[in-house]
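>
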Amino acid sequence: MSLISQLSDIFNNPDFPSQVSSISKSTQHRAYLRIDASLTDDSRTFLLGYIDLHSGQLVSNQTPTPTSGVGTSQDDIPPTPQSIESNHPNKRRKTSSFSGSIPIESAKHHDPTHPHTRQVHSDTRFPQRKKPETDGIVLEPTSTDKLIAGIWRQLFSSVKLSQSCPIIEPGINIRTGVSGEVFRAVNTLCVKYYNHSHSSRALEMIVQAYWIDCYEARIAVLRLENPNCPMTEARMMALKEACAVLNWKEKDLRNRIAIWRGYKEIKDAGGWASLIFASSGVYRFCKYRSGFNGNFATRLRQLQSAFEVAADTLHPEWRELLHVIGQAEPRRYHGHPHEWVTVTTGPAVPLGSTYGHLSLPDGFHYRFLDECVIDSTVFEKDPRMMPGLDKDICRVCRGRQADEVEANQCVCFPTVFGGVKAPVAVQLVRTAGKNNGIIARSDFDRGTAIGEFIGFITAGIKGRDVMVGQGYQIFQGEMGNFTRFINHSCRPNSQFERFCWRGKERIIVVSRGVSAGSEVTVDYSDGYWEELEKKCLCGENNCRYI
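Take the sequence shown: its letter number 110 is residue 110 in full-length UniProt numbering, and every next letter is one higher.
1) Ser-511: buried (16+ other C-beta within 10 angstroms of its C-beta) or exposed?
2) Mapping DSSP to helix, strand and coil, what is Trp-529?
3) Could you give the DSSP three-state label for Thr-67: helix, strand or coil?
4) How would you label Ile-457, buried or exposed, when you count the other beta carbons within 10 angstroms and need 16 or more for buried?
5) Identify the residues that DSSP records as bridge partners of Ile-35: which are they?
6) One question on the structure: do Val-424 and Ile-439 come within less than 8 Å of each other, judged by their Cβ atoms?
7) Buried or exposed for Gln-473, going by 16 or more other Cβ atoms inside 10 Å?
8) What is the DSSP secondary structure of Gly-271, counted as helix, strand or coil?
9) What are the boundary residues of the beta strand (DSSP E) that includes Asn-436?
10) Taking only three categories from DSSP, how would you classify Ser-200?
11) Please state if the CB of Gln-154 and the CB of Ser-274 are separated by a distance shorter than 8 Å.
12) Tell me the rounded alpha-carbon separation between Pro-361 and Arg-484.
13) Output the boundary residues of the beta strand (DSSP E) element that contains Arg-153.
14) For Ala-37, which of Gly-471, Ser-518, Arg-498 and Ala-217 has the nearest alpha-carbon?
15) How is the alpha helix (DSSP H) around Thr-298 delimited, first residue to last?
16) Excluding five sequence neighbours on each side, which residues of the same chain lie with their C-beta closer than 7 Å to the C-beta of Gly-281?
17) With C-beta atoms as the reference, is Arg-289 less than 8 Å away from Gly-262?
18) Between Gly-271 and Thr-144, is the Cβ-Cβ spacing less than 8 Å?
19) For Ser-8, count the other beta carbons within 10 Å of its own beta carbon; 16 or more makes it buried, fewer makes it exposed. Which is it?
20) Does the Cβ of Ser-305 have 16 or more other Cβ atoms within 10 Å, making it buried, or fewer, making it exposed?
21) Met-237 lies in the alpha helix (DSSP H); which residues open and close that run?
22) Say whether the segment 219-233 touches the segment 343-351, bearing in mind that this needs 3 or more beta-carbon pairs closer than 8 Å, one atom from each stretch.
23) Nearest-angstrom Cα distance between Val-420 and Phe-413?
24) Are the Cβ atoms of Val-520 and Ile-486 separated by less than 8 Å?
25) Quick check: the Cα distance between Ala-234 and Leu-222, rounded to an integer number of angstroms?
26) What number of angstroms, rounded off, separates the C-alpha of Ile-416 from the C-alpha of Ile-450?
27) Excluding sequence positions up to five away, which residues of its chain have a Cβ less than 6 Å from the Cβ of Ile-454?
28) Is it true that the segment 204-222 meets the segment 169-180, where meeting means three or more beta-carbon pairs spaced less than 8 Å apart?
29) Put Ile-174 into one of helix, strand or coil per three-state DSSP.
30) For Cys-286, report the span of its beta strand (DSSP E) as first-last.
31) What would DSSP say about Arg-430, mapped onto helix, strand or coil?
32) Identify the continuous alpha helix (DSSP H) that holds Ser-279 and give its terminal residues.
33) Nearest by alpha-carbon distance to Gln-495: which of Ile-508, Arg-502 and Trp-501 is it?
34) Buried or exposed: where does Ile-206 fall if 16 or more other Cβ atoms within 10 Å of its Cβ makes it buried?
35) Applying the criterion that 16 or more other CB atoms from any shown protein chain within 10 Å of the CB defines a buried residue, is His-334 buried or exposed?
36) Looking only at DSSP bridge pairs, what is Ala-449 linked to?
Laid out in structure tokens, this is it:
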């Protein structure tokens with residue numbers, strides 16, 4: 001959709017495209033539409049840029065100077081980056097765009113009192129999915145990668161664990177036809193038994209992994225009782241004792257022992273959480289043992305505390321399953337999942353302890369939010385509301401927007417708006433030299449929304465890092481969400497974008513293609529670093545601020 005058409009939608013003026021076309025055809029020179037903006041409480045006017053009425057595209061905010069004659073306009077020559085920067089120096093602010101629409105925040109001239117802000121990119125071609133690569137060799141994930149991905153998938157799922165598995169009967173007759181009520185009852189029944197199935201499988205693996213410990217301990221006892229008994233004979237004695245109770249053949253038990261031993265090795269390296277939340281593929285992984293090597297155990301040990309942080313904060317009931325073997329453990333991590341910073345060398349540490357170097361009088365305090373908080377002393381109503389827009393229609397896909405999953409038709413960013421809510425598969429991690437950062441625990445495809453930039457919506461903040469919206473600021477100094485801890489990179493794998501949901505401007509972090517295990521990064525922009533007396537620590541070869 002051209003910018004002219006989008007302006008027509010914004011101002012609800014269907015005649016605007018035809019009017020512009022008529023004016024463009026009536027002149028022999030290349031015509032441009034100048035776009036200015038001003039704030040209601042400020043007399044100053046800011047130049048946003050120009051639209052080429054011939055192509056309908058935003059060309060530059062440099063003043064066009066058309067000349068006489070056909071095809072001889074200077075504006076046919078693209079302006080250089082230096083010419084643009086000379087007219088609009090970058091400042092510390094976050095500027096963004098709706099996907100596929102025009103930029104909506106102008107650049108301000110230098111003001112030493114202006115807040116330090118990061119940039120929200122204005123890429124009108126983003127997000128677009130990259131075409132799948134057809135040339136070259138594509139490396140398939142290893143069996144270890146698949147196992148770890150399955151663990152994270154279960155940890156960030158909505159599964160509910162419990163020790164018992166009672167028979168559940170629906171409260172209505174589900175054989176009366178699939179009405180809405182019957183369908184909801186069947187769905188409820190399905191999810192309950194799914195949860196119980198996962199619980200039962202987890203309990204089974206717990207007992208079987210523990211069986212290996214008991215089996216080896218029994219062999220040791222038999223050898224102590226019979227000092228002259230060879231190891232092989234002691235193993236046979238223990239196997240026979242087990243087969244007598246299990247009522248299995250010795251060959252069947254041996255086959256199962258190989259799998260159960262794999263469960264034990266996973267538990268020993270990654271902790272009980274890694275085994276309990278392993279996906280169904282763990283059986284095949286342990287049966288064929290293709291991924292068991294030194295690197296496998298090392299990777300699980302490095303992730304053990306991260307697994308437990310997610311398990312304790314998202315599934316606090318999981319440790320109750322260990323009652324089945326008499327090994328109930330106290331919960332280690334309480335509160336919000338992002339109140340803990342994971343490290344590879346030991347247990348996770350409280351978020352506040354990582355900011356001791358700041359010497360804050362009352363220490364570091366941060367409240368995690370699910371929605372932005374409006375500063376009632378500044379705004380009587382939500383300043384993110386976009387006047388003149390149909391709040392029920394998406395400006396990008398034109399689908400109907402609704403908070404209810406059944407009614408929503410907007411498919412732009414279903415992981416954040418209008419879809420089933422799930423914990424974001426990210427964690428806080430200690431980075432090398434940059435204090436804290438955000439690490440992805442699953443793949444985020446290009447164009448996928450990782451999360452919304454959430455914080456305290458206010459105005460008038462000076463000298464602090466804020467996100468600048470249209471007539472408001474989002475400050476994350478004392479409250480917000482995980483997006484506060486996303487680090488800068490000169491080669492970022494995500495970016496800030498603006499999106500209108502239910503008539504409100506939202507700022508979201510959109511992936512450019514983030515793989516599991518990678519740190520989520522954005523480009524803070526030149527304006528952010530312009531006046532900071534410090535160097536960039538991103539470590540990229542193309543770093544602009546070393």
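The C-beta atom is built at its ideal place from N, Cα and C for all residues, glycine as well. As the structure is a prediction and not an experimental result, all values here were calculated from the model.
In brief:
1) If you number the sequence shown from 1, residue 511 lands on position 511. In this structure Ser-511 is buried. Its beta-carbon is surrounded by 16 or more other beta-carbon atoms within 10 angstroms.
2) Taking the first residue of the sequence shown as position 1, residue 529 is located at position 529. Three-state result, Trp-529: helix.
3) Residue 67 sits at position 67 when you count from the first residue of the sequence shown. In this prediction, Thr-67 has a pLDDT of 35, which is less than 50 and means its spatial position is unreliable; nothing more can be read from the coordinates.
4) To locate residue 457, count along the sequence shown from 1; it is residue 457. Buried.
5) Translated into the one-based positions of the sequence shown, residue 35 becomes position 35. Paired residues: Gly-49.
6) Position 424 of the sequence shown holds residue 424. Position 439 of the sequence shown holds residue 439. Not a contact, by the Cβ cut-off of 8 Å.
7) Taking the first residue of the sequence shown as position 1, residue 473 is located at position 473. Per the 10 Å Cβ criterion, buried.
8) As a first step, residue 271 must be located in the sequence shown, where it is residue number 271. DSSP places Gly-271 in helix when its eight states are reduced to three.
9) Taking the first residue of the sequence shown as position 1, residue 436 is located at position 436. Element bounds for Asn-436: 436-440.
10) On the sequence shown, residue 200 is found 200 positions in, with the first residue counted as 1. Helix at Ser-200.
11) Here residue 274 corresponds to residue number 274 of the sequence shown, with the count starting at 1. Here residue 154 corresponds to residue number 154 of the sequence shown, with the count starting at 1. With a cutoff of 8 Å on beta-carbon distance, Ser-274 and Gln-154 are scored as not near each other.
12) Locating residue 361 in the sequence shown gives position 361, counting from the first residue. Locating residue 484 in the sequence shown gives position 484, counting from the first residue. Distance between the alpha carbons of Pro-361 and Arg-484: 21 Å.
13) Translated into the one-based positions of the sequence shown, residue 153 becomes position 153. For Arg-153, there is no enclosing beta strand (DSSP E); the residue is part of the alpha helix (DSSP H) that begins and ends at 143-155.
14) One-based indexing of the sequence shown puts residue 37 at position 37. When the alpha-carbon of Ala-37 is set against those of Gly-471, Ser-518, Arg-498 and Ala-217, the nearest one is in Gly-471.
15) By 1-based counting over the sequence shown, the position of residue 298 is 298. Boundaries of the alpha helix (DSSP H) around Thr-298: 294-314.
16) Position 281 of the sequence shown, counted from the start, is the residue given in the question as residue 281. Once the five neighbours on either side are set aside, the close Cβ partners of Gly-281 are Lys-146, Leu-147 and Gly-150.
17) Within the sequence shown, numbered from 1, the residue matching residue 289 stands at position 289. Within the sequence shown, numbered from 1, the residue matching residue 262 stands at position 262. One thing to note: Arg-289 has its Cβ within 8 Å of the Cβ of Gly-262.
18) Within the sequence shown, the letter at position 271 stands for residue 271. Within the sequence shown, the letter at position 144 stands for residue 144. Contact flag unset, no.
19) Along the sequence shown, read from residue 1 onward, the residue named residue 8 stands at position 8. The residue in question, Ser-8, is buried, as its Cβ has 16 or more Cβ neighbours within 10 Å.
20) Mapped onto the sequence shown, residue 305 falls at position 305. With 16 or more Cβ atoms within 10 Å of its Cβ, Ser-305 is classed as buried.
21) Against the sequence shown, residue 237 aligns to sequence position 237. For Met-237, the enclosing alpha helix (DSSP H) has its first and last residue at 231-246.
22) Verdict: no, contact absent.
23) Numbered from 1 along the sequence shown, position 420 holds the residue referred to as residue 420. Numbered from 1 along the sequence shown, position 413 holds the residue referred to as residue 413. When only Cα atoms are considered, Val-420 and Phe-413 end up about 11 Å apart.
24) By one-based count along the sequence shown, residue 520 stands at place 520. By one-based count along the sequence shown, residue 486 stands at place 486. Less than 8 Å divides the Cβ of Val-520 from the Cβ of Ile-486.
25) As a working note, residue 234 is residue 234 in the sequence shown. As a working note, residue 222 is residue 222 in the sequence shown. Their backbone Cα atoms lie some 6 Å apart in a straight line.
26) What you label residue 416 is simply residue 416 of the sequence shown in a count that begins at 1. What you label residue 450 is simply residue 450 of the sequence shown in a count that begins at 1. As written in the sequence, residue 416 is Val, which differs from the Ile given in the question. Taking the CA atoms as reference points, Val-416 sits about 8 Å from Ile-450.
27) By 1-based counting over the sequence shown, the position of residue 454 is 454. Excluding sequence neighbours, Ile-454 sits near Leu-369, Cys-372, Gly-480 and Asn-481.
28) Contact fails: fewer than three Cβ-Cβ distances are below 8 Å.
29) Within the sequence shown, the letter at position 174 stands for residue 174. Per DSSP, reduced to three states, the secondary structure at Ile-174 is coil, with no helix or strand assignment.
30) In the sequence shown, the residue the question calls residue 286 occupies position 286. Cys-286: not part of any beta strand (DSSP E); member of the alpha helix (DSSP H) spanning 282-288, first to last residue.
31) Sequence index remark: in the sequence shown, residue 430 carries index 430 (1-based). Looking at Arg-430 - three-state DSSP - the assignment turns out to be strand.
32) As a first step, residue 279 is located in the sequence shown; it is residue number 279 there, counting from the start. Run containing Ser-279: none; DSSP gives neither H nor E here.
33) Numbered from its first residue, the sequence shown carries residue 495 at position 495. Residue nearest to Gln-495 within the set Ile-508, Arg-502 and Trp-501 is Ile-508 (criterion: CA-CA distance).
34) Mapped onto the sequence shown, residue 206 falls at position 206. With 16 or more other CB atoms across the displayed protein chains lying within 10 angstroms of its CB, Ile-206 is buried.
35) The residue given as residue 334 occupies position 334 in the sequence shown. Exposure of His-334 is indicated by the presence of fewer than 16 other C-beta atoms within 10 angstroms of its C-beta.
36) Working through the sequence shown from its first residue, we reach residue 449 at position 449. DSSP, once it has assigned bridges, lists Val-510 as partnering Ala-449.
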